[in-house]
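Residues 10 to 298 (this note's numbering) are what the sequence shown spells out, left to right. Data first, discussion second: the structure below is written as structure tokens.
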Amino acid sequence: MAANKVEGAGSRDRSAQDERGLADNRALWDTLAEFHGTDADDRSYDVKSFLAGKQTLRGIEKDLAGDVEGRDLLHLHCHFGMDTLSWARLGAHVTGVDFSPRAIIRARALAEQAGLAAEFIEADTQRLPDTLNGRFDRVVATYGVLSWIADLTAWMGGAAAALRPGGRLVLVDLHPVFQTVLTFDPFVADWPYGGGIPQRDAMIGTYAHPDAPFASQESTQYPYSVGEIVTAAATAGLVVERLGEHTETETDGRHLLPQGPDGLFRFPFSDTYLPILYSLSAVRPHPHR
Ligand SMILES: C[S@@+](CC[C@H](N)C(=O)[O-])C[C@H]1O[C@@H](n2cnc3c(N)ncnc32)[C@H](O)[C@@H]1O
Numbered sequence: 010m011a012a013n014k015v016e017g018a019g020s021r022d023r024s025a026q027d028e029r030g031l032a033d034n035r036a037l038w039d040t041l042a043e044f045h046g047t048d049a050d051d052r053s054y055d056v057k058s059f060l061a062g063k064q065t066l067r068g069i070e071k072d073l074a075g076d077v078e079g080r081d082l083l084h085l086h087c088h089f090g091m092d093t094l095s096w097a098r099l100g101a102h103v104t105g106v107d108f109s110p111r112a113i114i115r116a117r118a119l120a121e122q123a124g125l126a127a128e129f130i131e132a133d134t135q136r137l138p139d140t141l142n143g144r145f146d147r148v149v150a151t152y153g154v155l156s157w158i159a160d161l162t163a164w165m166g167g168a169a170a171a172l173r174p175g176g177r178l179v180l181v182d183l184h185p186v187f188q189t190v191l192t193f194d195p196f197v198a199d200w201p202y203g204g205g206i207p208q209r210d211a212m213i214g215t216y217a218h219p220d221a222p223f224a225s226q227e228s229t230q231y232p233y234s235v236g237e238i239v240t241a242a243a244t245a246g247l248v249v250e251r252l253g254e255h256t257e258t259e260t261d262g263r264h265l266l267p268q269g270p271d272g273l274f275r276f277p278f279s280d281t282y283l284p285i286l287y288s289l290s291a292v293r294p295h296p297h298r
């Protein structure tokens, strides 16, 4: 995903800005949901392999989620459903949520094609429907989540409310340190580390296919620090079990990182590495008696 910053956004009339950002972001993701996983997208979303039975989940989220057989699992930011349906293949009863109507239409069609049971709901994850409250053993969100969210407190509150007592949030996302980087060669870091101030960008192409033939579409993203994310989870009443910071990855969705001879991608820093992903596991506690 290449992005050119076109406008910094201050705190002036923040809620109007956020509503405009939400509308722009939904329009962008509708465009991307029409493209990802089609024959023209030969880079990351391999629907044919998925339909042939390939798992799309990575070890990080599978390890944190544990055994999901027979569990009720809510997948937030489900896009067109491949990961949601991969959880279903592991035996979970799955519900996917995304705010893009095009993504939800495609996710429902993919479930039918794959012969897998799943419910897909169109909703903004900052305003999840009350009908989801208290229904899930796992709430999962992965790879490209919180930077789209203006109201981190509302997002965490909705995720926490959807859990049953004892249920677990599994969040795996790009590390805020990695998100500051625009290019490695030359090294340019142009994004804030946290703060939640809207960053309005002209989006060119997509992370899955940087050369995709799209007209530039504006979007708004929000940088959050690790501290802000963990604090939001605690504020929502969740108890953090584990916070991981991962310095290597098998795939680089941003197509930025240098790849080592072992095939893994890393973020070089002096003679060591900085984190590319973080993973958070947090539990909704049982109420005190
Ligand atoms: C980077 S993609 C996630 C991709 C997913 N990990 C996958 O591999 O399929 C981000 C997703 O978040 C969704 N999204 C962004 N903002 C949202 C919001 N406020 N509410 C619900 N979904 C949102 C987009 O429509 C998109 O499907």
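Idealized CB from N, CA, C, for every residue including glycine. These figures come from a predicted structure and were not determined experimentally.
Whose C-alpha, out of the options, is nearest the C-alpha of residue i?
i, options, result
"residue 29", "44, 237, 210", "210"
"residue 22", "278, 137, 207", "207"
"residue 153", "188, 48, 292, 98", "188"
"residue 197", "205, 276, 233, 243", "276"
"residue 145", "195, 85, 281", "85"
"residue 65", "93, 137, 243, 242", "93"
"residue 77", "61, 63, 95", "95"
"residue 67", "261, 268, 284", "261"
"residue 136", "50, 75, 31, 249", "31"
I need the straight-line Cα distance from residue i to residue j, nearest angstrom please.
i, j, result
"residue 80", "residue 59", "22 angstroms"
"residue 5", "residue 90", "Within the shown structure, residues of the chain are numbered from 10 to 298, placing residue 5 beyond reach of any answer."
"residue 25", "residue 160", "13 angstroms"
"residue 56", "residue 134", "25 angstroms"
"residue 251", "residue 290", "5 angstroms"
"residue 16", "residue 199", "For residue 16, the predicted model reports a pLDDT of 49, less than 50, meaning its position is unreliable; a value from the coordinates is still stated below. Rounded to whole angstroms, residue 16 to residue 199 spans 13 angstroms at the Cα level."
"residue 109", "residue 205", "22 angstroms"
"residue 88", "residue 112", "5 angstroms"
"residue 54", "residue 223", "17 angstroms"
"residue 7", "residue 107", "Past the boundaries of the shown model lies residue 7; the chain is included only from 10 to 298, so the question cannot be answered."
"residue 130", "residue 279", "45 angstroms"
"residue 294", "residue 173", "9 angstroms"
"residue 13", "residue 175", "Note that residue 13 scores 40 on pLDDT, short of 50, meaning its location in the model is unreliable; the coordinates nonetheless yield the value given after this. Taking the straight line from one Cα to the other gives about 43 angstroms."
"residue 163", "residue 155", "11 angstroms"
"residue 266", "residue 73", "25 angstroms"
"residue 38", "residue 270", "34 angstroms"
"residue 242", "residue 100", "27 angstroms"
"residue 247", "residue 128", "25 angstroms"
"residue 126", "residue 115", "14 angstroms"
"residue 105", "residue 45", "17 angstroms"
"residue 147", "residue 157", "21 angstroms"
"residue 143", "residue 47", "36 angstroms"
"residue 259", "residue 284", "13 angstroms"
"residue 139", "residue 194", "47 angstroms"
"residue 254", "residue 239", "13 angstroms"
So, for residue i: in the same chain, excluding its five sequence neighbours on each side, which residues have a beta-carbon less than 6 angstroms away from its beta-carbon?
i, result
"residue 245", "165, 166, 169"
"residue 191", "197, 199"
"residue 328", "With the chain covering only 10 through 298, there is no way to say anything about residue 328."
"residue 43", "111"
"residue 282", "256, 275, 276"
"residue 273", "257"
"residue 268", "274"
"residue 237", "203"
"residue 117", "129"
Go through its chain and collect everything with a Cβ distance to residue i's Cβ below 8 angstroms, but skip five positions before and after it.
i, result
"residue 70", "149, 151, 179, 181, 288"
"residue 18", "Since pLDDT at residue 18 reaches only 48, below the 50 mark, its modelled position is unreliable, and no value is offered."
"residue 33", "226, 227, 228, 229"
"residue 63", "55"
"residue 123", "59, 60, 94"
Can you find the residues in the same chain that come closer than 7 angstroms, C-beta to C-beta, to residue i, ignoring five residues on each side of it along the sequence?
i, result
"residue 141", "83, 171"
"residue 185", "202, 203, 232, 233, 234, 235"
"residue 297", "none"
"residue 35", "108, 109"
Every unbroken alpha helix (DSSP H) within the segment 90 to 156, with a cutoff of 4 residues, ordered by chain: 91 to 98, 110 to 123
Segments of 3+ residues assigned as beta strand (DSSP E) that fall wholly inside the segment 235 to 272: 248 to 255
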